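End of the sequence shown sits at 480 in the numbering used here; the numbers just go up one at a time, nothing left out.
For each residue, glycine too, the CB sits at the ideal point set by N, CA and C.
These numbers were taken from a predicted model, which means no experiment stands behind them.
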Amino acid sequence: MAEDFVRKAGEILRSGKPIEERLREFTAEAGAFISGGVCSILLFDRDTEDFYLRATTLRYSPSSEALHFSSAGTLEDLALREQRVVSLTEIHRAPNSRLRGDMMLFPLISAEEPLGVLVVQAASPDGIDPGQASVLGDAVAILSDSIGVSLREESTALRMTKIAAINEAGINIISTLDLQRLLKLIATSACLIMEAESCVIRLLDAQTGKYTIRDFYGMKAESEQKDLFRMEKKAVMEILKGAPSILVRDVATEEGWKEFAGIARTILCFPLRNEGEIVGTVSIFDKFPHKTFYPASFNSDDARTFDKFIRYVEKAIGNAIAFERSDRLRNLDEATGLPTLKYFQARLLHELSRAKRFKRRLVLMICEATPRVPGRDFASVDRGEIVMKRLANVLRKTLREYDVVARISEYKFAMILPEAEDGRMSAIPRIKKSIQGEVEDIRNRVKGISVDLRFGHASYPEDGDDHEKLIFKSNILKI
């Protein structure tokens, strides 16, 4: 009988079936061996220090992620920590009792690595005899090796699958130079590869010096996103204070994070560096393993895998920022810092399309300012550029925040005034007055210099419904 059980257990555990099915069959065979006792296999997670139920002969068998408990202070922890069988036997039984309750906990060890425990419970007239316990010990040795091999194979296969996905995503990420498109690709790839529910990406704003949210991907409703961003901000602040990364396995139990319980269970946050400087962060929330509907915890393996993904992201972000900076410089006038003709043309098409869609007025205005500097002045070219710089500053201050101003030629400025419902009556005279006032100030300060001013304007829809008509009408310049 004993030899048959060990042989049968070996056949079950060495079969080609999935590990979950093999564990269920083993517990059923072990339960039958001790005449109907309850057998359960609990695996130990070193990251969370929890025991998870993986197989049991109980009638109700919940998912391994649903039934788990902390190892602290448990008999399971005692058996596993000291690597010995822990047995409990009734000694104070009622005189008329016909059955005796026994419980045995067998540690599961493979390659000196603690894996979990086999818990056996039995109620029988004579209890679990030493011979049965010895045979169970032999079967447990086979069980430990089988679980150890399966977990290592499972871990290796999962890691290789994720690394392959990271490498594939990395190629697409690095080849994307459009920053906004890149951020969306990073967020979706991070969630898919890491099995995360949500991802938040922040980047450093060079103008404000703040790390602002640039992209969000996830299933959270808009009403829930505010709390999630508050939780993510705390992780970002710790990164900026010097933390290499943030891994919170369970916010409900970790000090400093309990206030976020119910918002997300777990968070993983990494900095993005470019030339040694932190230029942003990527945060992911709530791990949902395959075929589960409840969040698990990120662990140290996830952190190492995510770190590989972040290396690709950093390189891609660096490339995109450099490209964006280069492209921005190509579209900016070096002297005034205003957009050039190329940018102006594209923006005019966009604003005209928007005006048509929302049935709003749009005003296009051209200002030609020609500096007249005495020919004997050896710095005549520089003086002319100084005039253009000062006029550019005046235009920026005079126009509204969403108006567009560009330097379209050596002496011409173009302005797009969206939603200028009373543009002819107020905006244009106000702009003219500001420019003329600045020119008068230049004349008073720089002797011998003068500036010839001419203006032209057109409005949609009164002067035309396409950009060519508007440009033609606005280029009819008058003093």
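{"query": "Whole angstroms are fine: how far does the CA of Met-232 sit from the CA of Ala-253?", "result": "13 angstroms"}
{"query": "Under the three-state reduction of DSSP, which class applies to Ser-65: helix, strand or coil?", "result": "Summary for Ser-65: the model assigns pLDDT 49, below 50, so the residue's position carries little reliability, and this model does not support an answer."}
{"query": "So, using beta-carbon positions, are Arg-358 and Pro-419 closer together than 8 angstroms?", "result": "no"}
{"query": "Pick from Leu-109, Phe-414, Val-249: whose alpha carbon is nearest that of Ser-436?", "result": "Per the sequence shown, residue 436 should be read as Ile rather than Ser. The shortest C-alpha separation from Ile-436 is found at Phe-414."}
{"query": "Within its chain, find whatever has a CB closer than 8 angstroms to the CB of Ile-164; leave out the 5 residues flanking it on each side and keep chain order.", "result": "Thr-306, Lys-309"}
{"query": "What are the partner residues of Ala-124, as DSSP defines its beta bridges?", "result": "Gly-102"}
{"query": "Tell me, please, which residues DSSP counts as bridged to Phe-324.", "result": "Phe-324 is not bridged to any residue."}
{"query": "Touching or not, the segment 90-110 and the segment 132-145, by the rule of three or more beta carbon pairs under 8 angstroms?", "result": "yes"}
{"query": "For Gly-281, count neighbouring Cβ atoms within 10 angstroms of its own Cβ and tell me buried if that reaches 16, exposed if not.", "result": "buried"}
{"query": "Spatial neighbours of Ala-321 within its chain, please: CB distance less than 6 angstroms, with the 5 preceding and 5 following residues excluded, ordered by chain position.", "result": "Leu-178, Leu-180, Leu-183"}
{"query": "Roughly how far, in whole angstroms, is the beta-carbon of Glu-315 from the beta-carbon of Leu-273, given that I think they are within contact range, below 8 angstroms?", "result": "5 angstroms"}
{"query": "So, does the segment 246-261 touch the segment 213-222, judging by three or more C-beta pairs under 8 angstroms?", "result": "no"}
{"query": "Considering only C-alpha positions, which residue in the set Gly-149, Leu-81, Pro-115 is nearest to Leu-14?", "result": "Gly-149"}
{"query": "Would you tell me roughly how many angstroms separate the C-alpha atoms of Ile-318 and Glu-463, rounded to the nearest one?", "result": "45 angstroms"}
{"query": "The alpha helix (DSSP H) spanning Pro-430 covers which residue range?", "result": "429-446"}
{"query": "Please work out which residues of its chain come closer than 7 angstroms, Cβ to Cβ, to Gly-128, disregarding the five sequence neighbours upstream and downstream, and give them in chain order.", "result": "Thr-90, Arg-101, Asp-103"}
{"query": "Alpha carbon to alpha carbon, how far is Leu-241 from Ile-279? Give it in angstroms, no decimals.", "result": "8 angstroms"}
{"query": "Give a yes or no on whether the C-beta atoms belonging to Gly-117 and Ile-20 are separated by under 8 angstroms.", "result": "no"}
{"query": "Lys-259: which of Phe-271, Lys-235, Gly-243 sits nearest, CA to CA?", "result": "Lys-235"}
{"query": "Would you call Met-366 buried or exposed, if buried means 16 or more other Cβ atoms sit within 10 Å of its Cβ?", "result": "buried"}
{"query": "Apart from the five residues on each side of it in sequence, which residues of its chain come closer than 8 angstroms, Cβ to Cβ, to Ala-421?", "result": "Arg-362, Leu-363, Val-364, Ala-428, Ser-460"}
{"query": "Fully enclosed by the segment 220-281, which beta strand (DSSP E) runs are 3 residues long or longer?", "result": "247-249, 268-275"}
{"query": "In whole angstroms, give me the CA-to-CA distance for Thr-58 and Ala-73.", "result": "25 angstroms"}
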